[in-house]
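So the structure is just underneath, and the comments pick up after that.
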Amino acid sequence: MALSPDGRYLYAAFRGLPYRVYVFEIDPAGDDLGFLGTAPLPADICHIGLDATGRYLFGASFSGNSMSVSHIGDDGLPDETRAIPTPLHPHFVALTADNSHLLVPCLGADLIVSYRFDAGLGHIEEAGRLRLAAGSGPRHLARSPMNDAWFVISEKAATVTAFSETLDGAMIAGQTLPILQSISISAPKASDIRAGGNRLYAAERNAGRIGIFDISSCGDLVWQGEIETAPFPRAFSLDASGRFLLVASEKTNQFAIHKIDDKGMLCPAALRGIGTRPTWITALRGINEIT
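Position 155 of the sequence shown, counting from 1, maps to 155 under UniProt numbering, and the rest follow consecutively.
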């Protein structure tokens with residue numbers, strides 16, 4: 001799922017046949033969703049994201065080894081979609097802060113690929129590649145809101161790697177740290193990553209834990225601790241206030257709510273029931289308190 005930059009629309013990719021994206025309008029006065037319509041997608045899309053203009057929707061197709069690019073019309077619905085081949089198993093799409101480049105981690109190729117993006121024309125061309133450790137499996141990305149530092153979580157290695165991007169799309173890798181440092185995992189399966197303030201949060205599914213890092217002013221990471229969350233955390237999201245972290249537990253049909261304290265650490269989870277096998281979670285509003 002992905003929110004439009006202006007908060008008016010919610011986009012949800014359906015992973016079954018026929019492959020489509022569902023579009024909902026968000027009620028500005030409350031939390032209701034109004035169904036607008038659907039549009040076709042060229043493949044099974046595992047992650048979607050929008051550019052800063054809200055005019056382009058990007059998707060990563062793990063099984064299709066491609067990414068989709070959909071132009072969005074004035075009514076909020078995609079009206080034109082094309083597929084672009086990528087290296088093996090792309091799993092995430094993210095735009096840089098200036099909307100000039102699209103970054104795509106390719107889990108099966110141990111690469112992050114940078115694409116130059118022209119929002120006026122919708123033109124995309126490859127600008128650079130960053131190779132990570134063999135077999136690490138880069139999965140998702142997060143960008144620090146403080147200093148534009150980037151971080152990638154690697155599924156098979158259960159690590160977080162810091163990296164930076166130059167103006168021409170080249171990428172430079174920094175430090176790599178394990179997500180969890182209090183326990184060892186024989187078959188790691190890291191999942192999601194988010195940055196909020198000067199903190200970075202990274203989840204490992206088989207252990208059911210979230211690692212917490214401090215982000216320095218220069219983009220370096222310092223491990224601060226870890227906490228148990230809902231079992232098999234597939235994805236998580238920060239609410240609009242930055243005071244709560246919401247975790248989708250794929251195998252227990254629950255989601256967890258962690259309050260974030262004044263130091264950026266996570267409080268023990270409050271669990272709530274949800275639909276079957278949740279794989280993504282998006283906060284539409286800020287949360288006042290856990291009820």
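The C-beta atom is built at its ideal place from N, Cα and C for all residues, glycine as well.
Within the stretch 220-249, complete beta strand (DSSP E) segments of at least 3 residues are found at 221-228, 233-238, 244-249, given in chain order.
Nearest to Ala283 by alpha-carbon distance, out of Gly59, Phe244, Thr81, Asp74, is Phe244.
Unbroken beta strand (DSSP E) stretches of 3 residues or longer found wholly inside the stretch 25-51: 33-40, 47-50, given in chain order. Straight through space, the alpha carbons of Ala269 and Asp214 are spaced by roughly 21 Å. DSSP lists no bridge partner for Val93. Note on geometry: alpha-carbon atoms of Arg15 and Ile260 lie some 32 Å from one another. Here Glu126 has Tyr115 as same chain residues with Cβ atoms under 6 Å from its own Cβ, once five neighbours each way along the sequence are excluded.
In terms of CA proximity to Pro105, Ser154 leads the group Asn99, Leu41, Ser154. Excluding sequence positions up to five before and after Ala256, its CB lies within less than 6 Å of the CB of Thr229, Ala230, Val247, Ala269, Leu271, all in the same chain and listed in chain order.
Excluding the 5 residues flanking it on each side, His101 has same chain C-beta neighbours closer than 8 Å at Leu95, Ser114, Tyr115, Arg116, Phe117, Ala127, Glu165, Gly169, in chain order.
Here Arg285 has Asp31, Asp239, Ala240 as same chain residues with Cβ atoms under 8 Å from its own Cβ, once five neighbours each way along the sequence are excluded. For Arg131, the closest of Pro145, Val152, Asn147, Leu50 by C-alpha to C-alpha distance is Val152. The beta carbons of Ala195 and Phe236 sit no closer together than 8 Å. For Arg129, same chain residues with a beta-carbon under 6 Å away, outside a window of 5 residues either side, are Leu111, Val113 in chain order.
Under the DSSP assignment, Lys259 falls in the beta strand (DSSP E) whose first and last residues are 254-259.
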